[in-house]
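Residue numbers (full-length UniProt numbering): 10 to 330. By construction, the Cβ of each residue, glycine as well, lies at the ideal position given by its N, Cα and C atoms.
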Amino acid sequence: AFLACFLLCCCQGKEGKRYVIGVSQCSEDIWRDKLNEELKTATFPEDEVSLQFASADDNDTLQIRQIEQFIKEGVDLLVISPNQAHAITPVVNKAMRKGIPVILFDRRTDGAYTAFIGANNVEIGRQMGDFVARQTGHRGSVVEIMGLKGSSPAADRHRGFMQSIAKYPGIKLVSLQGDWTKASGKRAILDLKRRQGADFCATIDYVFAQNDRMAMGALEAGVLGKRTKLCGVDALPGPEGGMRLVADSVLSASYIYPTRGDLVLKLALNILKHRPYSKENLLQSALVTPDKAPLMRMQADEMNMQQQRIQDLHKKLDLFF
Ligand code: AHR
């Protein structure tokens, strides 16, 4: 009985409050799966938080409808990763007008919001540009594959990358449009081959894809030369993640795009409980190269194991009740 009482107190929180948080994800992919898992495990033990997830499958209309539904249900707070900034702005503004606090994470809109949490994507682009410039000896043929048009990380990473590359007139840059999916990375390179020919593709020195999945799609196209190197962004841990691809030298580099669902939830609770919080919350990230990847992967695996242990505990608690 004591244990039951203790666990009940832990799950209900000190004030016995229950908050409903609507999480609107723009799409489904392994980066977002990791973030969703972190959000779920971070709910324990301080407060009882009910998380309602909706995934828009890269579709603006669907995401708007899902956010409208959350507003109608009267959730206490919204956590939103907007698919395309411009399209999602009005519905986020609407939630704000209705008094529902909105945390934007990873991607931004053009309008009002309560707080933003995510990495500095301009800086990521800039650092990847510097890295590619160093690796090519500041000359050569470089291809950039951008993420979904109109999504803020795509625009920001491109801006940062251009700022670096523009310093080196010896680098010839071609920027291609992708949409964050692996298939779009493959498509972009095959389109390039159709337009510029096989020889052009075989002599590309570097491909910077704005995420690791698109980099792998570009590789899968099978038209890049032996000397072509690839780098991406995300550097996720786990068997399919970019961290392993860098450790195995499939990619020359990646950049950790932090998820940190625990901090997203902490920010949400600070807002809900009227505690002090910052409007802009920039998460730390880092360049991953093959020399650093094995150690970073070990650390990431350890963190994953810890998270798994927390998830297992959650499952046991659910069973208990
Ligand atoms: O919004 C940015 C991108 O979204 C990540 O880098 C990507 O992999 C995710 O799908």
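The distance from the Cβ of Gly187 to that of Gly206 is about 21 Å, inconsistent with a contact at the 8 Å cut-off. Thr123 is positioned such that its CB atom lies no closer than 8 Å to that of Val141.
Within the chosen limit of 7 Å, the ligand AHR reaches the beta carbon of Ser36 through at least one heavy atom. In this structure, the CA atom of Thr50 is about 16 Å from the CA atom of Trp40. Secondary structure at Ile109: coil, using DSSP grouped into helix, strand and coil. A distance of 8 Å or more separates the beta carbons of Val255 and Thr190. The ligand AHR never approaches Asp208 closely enough for any of its heavy atoms to be under 7 Å from the residue's Cβ. If only uninterrupted alpha helix (DSSP H) runs of at least 4 residues are considered, those enclosed by the region 187–212 are 191–205 and 207–211. A direct Cα-to-Cα measurement between Ala277 and Ala96 gives close to 24 Å. Fewer than three Cβ pairs drawn from the region 196–210 and the region 131–141 lie within less than 8 Å of each other, which leaves the two stretches out of contact. Here Gly179 is exposed. Its C-beta has fewer than 16 other C-beta atoms within 10 Å.
Residue pairing by DSSP puts Glu289 in a beta bridge opposite Phe125.
Ala121 sits close to Asn102, with the two beta carbons spaced by under 8 Å. The C-alpha of Glu46 lies about 12 Å from the C-alpha of Leu274. Assignment of beta-bridge partners to Gly149 by DSSP yields Ile180. Taking a contact to require three or more Cβ pairs closer than 8 Å, the region 255–268 and the region 283–299 qualify as touching. For Ser193, the CB stays at least 7 Å from every heavy atom of the ligand AHR. Beta-bridge analysis with DSSP links Gln61 to Gly31. Taking the Cβ of Ser294 as the reference point, every heavy atom of the ligand AHR lies at 7 Å or farther away.
Shown here, Leu296 sits in a strand according to DSSP, grouped into three states. Following the DSSP letters along the chain, one finds Ala175 in no beta strand (DSSP E), marked with neither H nor E. For Asp243, the shortest C-beta to heavy atom distance toward the ligand AHR is below 7 Å.
Going by C-alpha positions, Glu229 is about 24 Å away from Ile133. Asp243 sits in a strand when the DSSP states are folded into three classes. Shown here for Ser59: same chain residues with a beta carbon closer than 6 Å to its own, the five before and five after excluded, namely Val29 in chain order.
Cβ atoms of Asp221 and Gly251 come within 8 Å of each other, at about 4 Å.
Distances taken from the Cβ of Tyr266 to the heavy atoms of the ligand AHR include one shorter than 7 Å. In terms of Cα proximity to Ser184, the closest of Gln34, Val152 and Ser287 is Val152.
Within the chosen limit of 7 Å, the ligand AHR does not reach the beta carbon of Arg135 with any heavy atom.
By the CB criterion at 8 Å, Ser90 and Phe125 fall outside the cutoff.
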